[in-house]
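To start, the structure under review is shown below, and the notes come after it.
Numbering (UniProt numbering), first residue to last: 1 to 408.
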């Protein structure tokens, strides 16, 4: 063997992760962890049921790989730690003590400690945000936290006394995402995301809480982590992890994959009330469709997994009406009844799709109708900061009206 990491969930030992000489990864669940939930339970991931056998293969490696950043952000971290590109095990050994959900990975057998927080002044935070996308940590500190995704971001901890850098696996509470500098994204993206998140909450769909922040002239979205609550980590995984999909395949390109139906049925089977999970998934998909979210791929939906291994939909995040702002964003991220292009998707596709999730035709129509109605009611009262949302609001209102006509 080339190395071993210890995997923890909510501070409890899950098992060991080994890197074999051929570079592949293998995991063994701890007997006590299996005993707590029972063989076949899925407290860690929908794609990784508990078993006495050794776990290895693409689904394991993809689950772990999806804990890490993508693209240039990951490349910078690999270079910093002198790792070969794609060395998931090596990178997790450095930054796996603070991951999405309640997962931690350590090189030591002892339980992960609390880490420590390094206070940061407003000027310090300005410098950190200004360094993105390369991310330069404070003097004397290293990056010890990981979050998936391709967009540049920094994880920090905020309390009544201000900002702090989470060191040695300390728990972060907020994600700071500055306005992207790339030419391929829409202008004022963070302002649109801030507005879309508030629109979702006004509609009654749970969504991440966020606010806009100015960091020495660089605008950023400051997002409160929904997998951190009252000083504790709560567990969640995104759909790529739940389905054993590589991050590069986060956009569903093949209609026959039926990812949403698979989630609705497989995760629903692990829910207290299966139909409730499917209905909440439908509410989120309906909202994304009607606002024209052209980035609703499998890394932008997540499942929450509670301490009894019961599944539910996590709050919405990373939402913005990008298709209505720039028609280049035509992919919906998932197919609905075989159609995956936003210019052609209608509520009729959504109706046909959702009736394959275990929901009755009546329940599907009621759900789509309720979301569309609430969107129309919310648009006039959901204000934005620094952008004129009127043209986009009119387009969304028309899309919602069309959906109501299709399901009435």
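Ideal Cβ positions, reconstructed from N, Cα and C, are used throughout, including at glycine.
Asked, Found
"Beta-carbon proximity of residue 410 to residue 83, cut-off 8 Å", "Only positions 1 to 408 of the chain appear in this structure, which leaves residue 410 out of reach."
"Backbone CA spacing between residue 59 and residue 24 [nearest angstrom]", "12 Å"
"In chain order, each beta strand (DSSP E) run of at least 3 residues that lies wholly inside the UniProt domain \"HipA N-terminal subdomain 1\" (6–105)", "12–19, 25–29"
"For residue 239, the first and last residue of its enclosing alpha helix (DSSP H)", "239–243"
"Same chain only: Cβ atoms within 6 Å of residue 348, ignoring 5 sequence neighbours per side", "406"
"Start and end residues, beta strand (DSSP E) containing residue 305", "302–305"
"Residue 233 - partner residues in DSSP beta bridges", "228"
"Beta-carbon proximity list for residue 397, same chain, < 8 Å, skipping 5 on both sides", "375, 376, 379"
"Straight-line Cα distance separating residue 189 from residue 283", "23 Å"
"Cα-Cα separation between residue 314 and residue 205, rounded to whole angstroms", "10 Å"
"C-alpha distance - residue 248 paired with residue 239, whole-angstrom precision", "13 Å"
"Residue ranges of each alpha helix (DSSP H) within the region 150–204, 4 or longer", "189–203"
"Reference residue 109, options 7, 214, 164, closest by Cα", "7"
"Bridge partner(s) assigned by DSSP for residue 287", "Paired residues: none, contrary to the question."
"Sequence-distant residues of its chain with Cβ nearer than 7 Å to residue 124 (five each side left out)", "138"
"Per-residue burial, residue 214 [other beta carbons within 10 Å of its own, 16 or more giving buried]", "exposed"
"Beta-carbon contacts of residue 338 that lie in its chain and below 7 Å, excluding the five residues immediately before and after", "255"
"Beta-carbon contacts of residue 280 that lie in its chain and below 6 Å, excluding the five residues immediately before and after", "313"
"Where residue 403 falls: helix, strand or coil (DSSP)", "helix"
"Sheet register partners of residue 4 (DSSP bridge)", "18"
"The beta strand (DSSP E) enclosing residue 211, as first and last residue numbers", "210–215"
"C-alpha distance - residue 41 paired with residue 3, whole-angstrom precision", "27 Å"
"Stretch-stretch touch, CB-based, cutoff 8 Å, three pairs: the region 161–173 with the region 117–136", "yes"
"Cβ contact check for the region 138–148 and the region 96–103: 3 or more pairs under 8 Å", "yes"
"Whole-angstrom distance between residue 158 and residue 394, CA atom to CA atom", "37 Å"
"Residues that DSSP places opposite residue 339 in a beta bridge", "336"
"Cβ contact check for the region 291–306 and the region 323–334: 3 or more pairs under 8 Å", "yes"
"As assigned by DSSP and simplified to three states, the class of residue 349", "helix"
"Buried versus exposed, by CB contacts within 10 Å (16 or more), residue 79", "exposed"
"Backbone CA spacing between residue 37 and residue 310 [nearest angstrom]", "11 Å"
"Own chain, CB closer than 8 Å to residue 154, minus 5 neighbours either side, in chain order", "128, 129, 132, 135, 175, 176"
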